[in-house]
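Enquirer:
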Amino acid sequence: MSFLLPKLTSKREVDQAIKSVAEKVLVLRFGRDNDAVCLQLDDILAKTAHDLSKMAVIYLVDVNSVPVYTQYFDISYIPSTVFFFNGQHMKVDYGSPDHTKFVGSFKTKQDFIDLIEVIYRGAMRGKLIVRSPIDPNNIPKYDLLYQGI
Amino acid sequence: RPEHRRQTARFWRENRAEAALRERCLVPAEEYERFAQALERALAEHQRREEERILQMAAEIREAERRQRETVQAALQKYCSFFLNRTQLQTEPELRAGPSVCRHPPGPERDSPCAAEQPGPSGMQTGPDLAWMESGQVLTFIGHQETEGKGNIHTGAKPPWLTEEEDGSKQQIGPSYEEFLKHSEQ
């Protein structure tokens with residue numbers, strides 16, 4: 001039983017989502033619908049969305065349609081997933097160089113579910129940054145280049 | 001030049017040096033000009049040389065990195081094929097035929113290949129190593145995000161959801177004036 005994840009197509013819609021989703025983790029997947037790794041990730045998101053519906057709201061965002069956000073979050077690799085709670089951007093230490101977003105896909109649905117739970121619990125306690133429960137071996141590796149350095 | 005002459009005279013008087021030497025110390029205007037130009041040229045030359053040196057170092061570093069990457073990838077190839085052969089013999093049910101098990105992650109070198117060197121087959125050994133290889137996803141790179149000075153999350157810039165959008169529409173709260181008039185006429 002999967003369902004189609006809702007999409008946000010403009011800055012206004014993304015602003016709206018961030019400002020209006022309350023008491024649940026907001027998950028924004030930045031990527032492209034036809035990209036291979038994005039498809040993998042979207043599959044995991046779609047299959048877990050129902051079970052996580054009490055804790056999380058998931059949206060897909062095409063990086064081409066919201067350049068403001070793509071630039072703000074410095075999204076160089078797709079898919080990149082950003083988490084919010086009550087309008088606050090949630091950072092997560094995955095053991096990778098960038099805590100502001102999750103780059104790549106999750107290895108299993110359970111990894112994603114565990115991550116959402118940790119973010120949810122941390123946020124309810126007022127934390128703005130949490131430690132990822134995912135095995136560092138399962139975190140995708142990538143080169144972090146900041147402005148070509 | 002007059003200014004220069006005066007200064008020299010004053011310096012001579014203050015330090016009571018030999019008057020004869022003073023004339024020899026005066027720098028004529030053309031000499032000074034020549035000196036200034038030569039200085040500019042020398043400076044430009046120096047800067048150019050420094051730039052070249054830096055570019056050279058950068059190229060060398062890139063080259064070294066490339067060689068390192070290739071060595072790692074070559075090593076990975078060997079380990080990948082080694083484990084593939086082993087697991088095919090063991091036919092583990094959890095082995096996913098996912099997208100190309102032998103992806104080469106574009107990241108820095110890691111110590112995980114060394115873990116595979118332990119002798120003796122055991123069910124536990126193959127599990128974690130395969131997991132690592134499978135999460136070596138090839139991610140699509142969409143380019144460096146140039147913000148033209150606006151800043152981004154790493155520099156602490158104002159987030160887009162807090163910046164007002166100029167969309168040209170007047171945002172009125174409540175009923176419009178016409179609707180109010182209509183309502184009061186009722």
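Residue numbers (the UniProt record's numbering), protein chains in the order written: chain E, 1 to 149; chain F, 1 to 186. Ideal Cβ positions, reconstructed from N, Cα and C, are used throughout, including at glycine. Given the structure is predicted, the values throughout are model-derived calculations rather than measurements.
1. What does the alpha-carbon distance come out to for the pair residue 218/F and V61/E?
2. Among the candidates S10/E, S80/E and L39/E, whose CA atom is the shortest distance from the CA of residue 209/E?
3. Since I142/F and T100/E should fall inside the 8 Å C-beta cutoff, what is the C-beta to C-beta distance between them, to a whole number of angstroms?
4. Flag this pair as yes or no: are the beta carbons of Y77/E and L139/F separated by less than 8 Å?
5. Considering only C-alpha positions, which residue in the set V82/E, P133/E and N64/E is nearest to Q145/F?
6. Quick one: give me the first and last residue of the alpha helix (DSSP H) that residue 155/E is part of.
7. To the nearest angstrom, how far is it from the Cα of K109/E to the Cα of T70/E?
8. Let's test the definition: count the other Cβ atoms within 10 Å of the Cβ of V27/F and tell me whether it reaches 16, buried, or not, exposed.
9. Are the region 50 to 58 of chain E and the region 111 to 123 of chain E in contact at 8 Å, needing three or more beta carbon pairs?
10. Can you find a C-beta in chain F that's less than 8 Å from the C-beta of Y77/E?
11. Roughly how many angstroms lie between the CA atoms of V14/E and F83/F, to the nearest whole one?
12. Mark D42/E as exposed unless 16 or more other C-beta atoms lie within 10 angstroms of its C-beta, in which case mark it buried.
13. Under 8 Å Cβ to Cβ from R22/F, same chain only, skipping five residues before and after it: list those, please.
14. Report, in whole angstroms, the separation of the C-beta atoms of L26/E and F85/E, which I expect to be a contact under 8 Å.
15. Rounded to the nearest angstrom, what separates E30/F and A59/F at their Cα positions?
16. Can you pull the chain E neighbours of I153/F, defined as C-beta to C-beta under 7 Å?
17. From this set, V118/E, P133/E, A123/E and F30/E, which residue's C-alpha is nearest residue 152/E's C-alpha?
18. Just the C-alpha distance for L45/E and I134/E, rounded to the nearest angstrom, thanks.
19. Short of 8 Å Cβ to Cβ, which residues in the region 83 to 99 of chain E face chain F?
20. Just verifying my parser: in three-state terms, what is the DSSP assignment at L26/E?
21. Report the option in F180/F, L162/F and R16/F whose CA atom is closest to the CA atom of K19/E.
22. Counting C-beta neighbours from all protein chains within 10 Å, is the total for T48/E 16 or more, i.e. buried, or is it exposed?
23. Where R12/E and V68/E are concerned, what is the direct C-alpha to C-alpha distance, given to the nearest angstrom?
24. Exposed or buried, which one is L181/F when buried takes at least 16 other CB atoms within 10 Å?
25. The alpha helix (DSSP H) that contains Y120/E, what's its start and end?
26. Taking buried to mean at least 16 other C-beta atoms within 10 Å of its own C-beta, is Y32/F buried or exposed?
Expert: With the structure as the only source:
1. This structure cannot settle anything about residue 218/F, because the visible part of chain F is limited to 1 through 186.
2. Look at the range of chain E in this structure, 1 to 149, and you will see that residue 209/E is not part of it.
3. No, I142/F and T100/E are not in contact; Cβ-Cβ is about 16 Å, not under 8 Å.
4. In this structure, L139/F lies closer than 8 Å to Y77/E by Cβ.
5. Minimum Cα-Cα distance from Q145/F among the listed residues V82/E, P133/E and N64/E corresponds to N64/E.
6. What the structure shows of chain E is the stretch from 1 to 149, and residue 155/E is not part of that stretch, so it cannot be assessed.
7. Approximately 26 Å between the Cα atoms of the pair.
8. V27/F sits exposed, since fewer than 16 C-beta atoms from the chains shown fall within 10 Å of its C-beta.
9. Taking a contact to require three or more Cβ pairs closer than 8 Å, the region 50 to 58 of chain E and the region 111 to 123 of chain E qualify as touching.
10. Interface with chain F (8 Å Cβ-Cβ cutoff): Y77/E is included.
11. Distance from the CA atom of V14/E to the CA atom of F83/F, rounded to whole angstroms, is 45 Å.
12. Answer is buried; the Cβ neighbour count reaches 16.
13. Contacts found: T8, A9 and W12.
14. About 7 Å separates the two Cβ atoms, so the contact holds.
15. In a straight line, the C-alpha of E30/F is about 43 Å away from that of A59/F.
16. Proximity of chain E to I153/F at the Cβ level (cut-off 7 Å) is accounted for by Y72, F73, D74 and T100, in chain order.
17. Given that chain E is displayed from residue 1 to residue 149, the structure contains no residue 152/E and the question cannot be resolved.
18. A direct Cα-Cα distance of roughly 16 Å separates L45/E from I134/E.
19. Flagged, chain order: G87 and H89.
20. DSSP places L26/E in strand when its eight states are reduced to three.
21. For the residues F180/F, L162/F and R16/F, the minimum Cα distance to K19/E belongs to L162/F.
22. Flag for T48/E reads buried.
23. Approximately 11 Å, taken between the alpha carbons.
24. It counts as exposed.
25. Boundaries of the alpha helix (DSSP H) around Y120/E: K109 to M124.
26. Y32/F should be labelled exposed.
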